[in-house]
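So for the sequence shown, my numbering puts the first residue at 346; every next one is plus one. Accompanying notes for the structure given below.
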Amino acid sequence: MNNDSSSRIVAHLKKWISSAAPGAKLPSTRSLVAEYQASPVTVQKALQTLTAQGLIESRPGVGTFVRAVRSARPSDYGWQTAALRSPLAPPPPASSTMRNVANDAISFHSGYPDRELLPERLVRAAIARAARGDAALFRPPAAGMPELQSWFAHELGASTPAGTTPPNPSDVVVLPGSQSGLSSIFS
Numbered sequence: 346m347n348n349d350s351s352s353r354i355v356a357h358l359k360k361w362i363s364s365a366a367p368g369a370k371l372p373s374t375r376s377l378v379a380e381y382q383a384s385p386v387t388v389q390k391a392l393q394t395l396t397a398q399g400l401i402e403s404r405p406g407v408g409t410f411v412r413a414v415r416s417a418r419p420s421d422y423g424w425q426t427a428a429l430r431s432p433l434a435p436p437p438p439a440s441s442t443m444r445n446v447a448n449d450a451i452s453f454h455s456g457y458p459d460r461e462l463l464p465e466r467l468v469r470a471a472i473a474r475a476a477r478g479d480a481a482l483f484r485p486p487a488a489g490m491p492e493l494q495s496w497f498a499h500e501l502g503a504s505t506p507a508g509t510t511p512p513n514p515s516d517v518v519v520l521p522g523s524q525s526g527l528s529s530i531f532s
């Protein structure tokens, strides 16, 4: 603390507050001015410092009082048990799509690429467009969409070496997933 008048008043009042009961009334500003022979501005500055430290509280028109130490009540989380119900059994282990995969393995579960690779604005627009149509209400066939199988078969057929039979659309298996798995398959 600095050694100015308001700091000395703060130090003296802190001693007085430590021995006073919570709710005890401090002397008026006029009596503090007379007692410490300081200006009203200096006394007000000291009282503001003590208020900021949470030691006193001012009640306009009534006076300044020693603030009672408020202890934090323990949080009550009982409502969560009633609202969410406590689990009867331990939660099942995470599914294979939610487990972390080792760095040297390729995960073929459905999902999205890393956030920095995902064009979020375009994906949001595509999802909004898809949600407006009937296609969002039905699942695609488990074997894959025939149009997609044909497209991949055509693309693979264009790069098939001479003397090798190009794949038919029925030879193509389309798996949902991110770009990381596809680049490893074709490399």
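No residue lacks a Cβ here, since even glycine has one placed at the ideal position from N, Cα and C.
Taking the C-alpha atoms as reference points, what is the distance between residue i and residue j?
{"i": "Ser515", "j": "Gln494", "result": "7 Å"}
{"i": "Arg412", "j": "Val468", "result": "56 Å"}
{"i": "Thr509", "j": "Val519", "result": "21 Å"}
{"i": "Ile530", "j": "Leu501", "result": "In this predicted model, Ile530 has a pLDDT of only 48, less than 50, meaning its place in the structure is not dependable; the value taken from the coordinates is given anyway. Between Ile530 and Leu501, the C-alpha separation is close to 13 Å."}
{"i": "Ser376", "j": "Ala383", "result": "10 Å"}
{"i": "Leu392", "j": "Gly408", "result": "12 Å"}
{"i": "Phe304", "j": "Ala503", "result": "The structure shown does not extend to residue 304, since the chain is modelled only from 346 to 532, so the question has no answer here."}
{"i": "Ala507", "j": "Ala476", "result": "44 Å"}
{"i": "Arg466", "j": "Ala481", "result": "19 Å"}
{"i": "Leu527", "j": "His499", "result": "For Leu527, the predicted model reports a pLDDT of 46, less than 50, meaning its position is unreliable; a value from the coordinates is still stated below. Those two C-alpha atoms are separated by around 17 Å."}
{"i": "Ala366", "j": "Ala379", "result": "24 Å"}
{"i": "Tyr381", "j": "Ile354", "result": "7 Å"}
{"i": "Ser351", "j": "Tyr422", "result": "45 Å"}
Buried or exposed: residue i, going by 16 or more other Cβ atoms within 10 Å of its Cβ?
{"i": "Leu371", "result": "buried"}
{"i": "Leu358", "result": "buried"}
{"i": "Val517", "result": "buried"}
What is the residue span of the alpha helix (DSSP H) that residue i lies within?
{"i": "Arg469", "result": "465-477"}
{"i": "Leu358", "result": "350-364"}
{"i": "Leu493", "result": "491-503"}
Inside the segment 376-413 only - alpha helix (DSSP H) runs reaching at least 4 residues: 385-397
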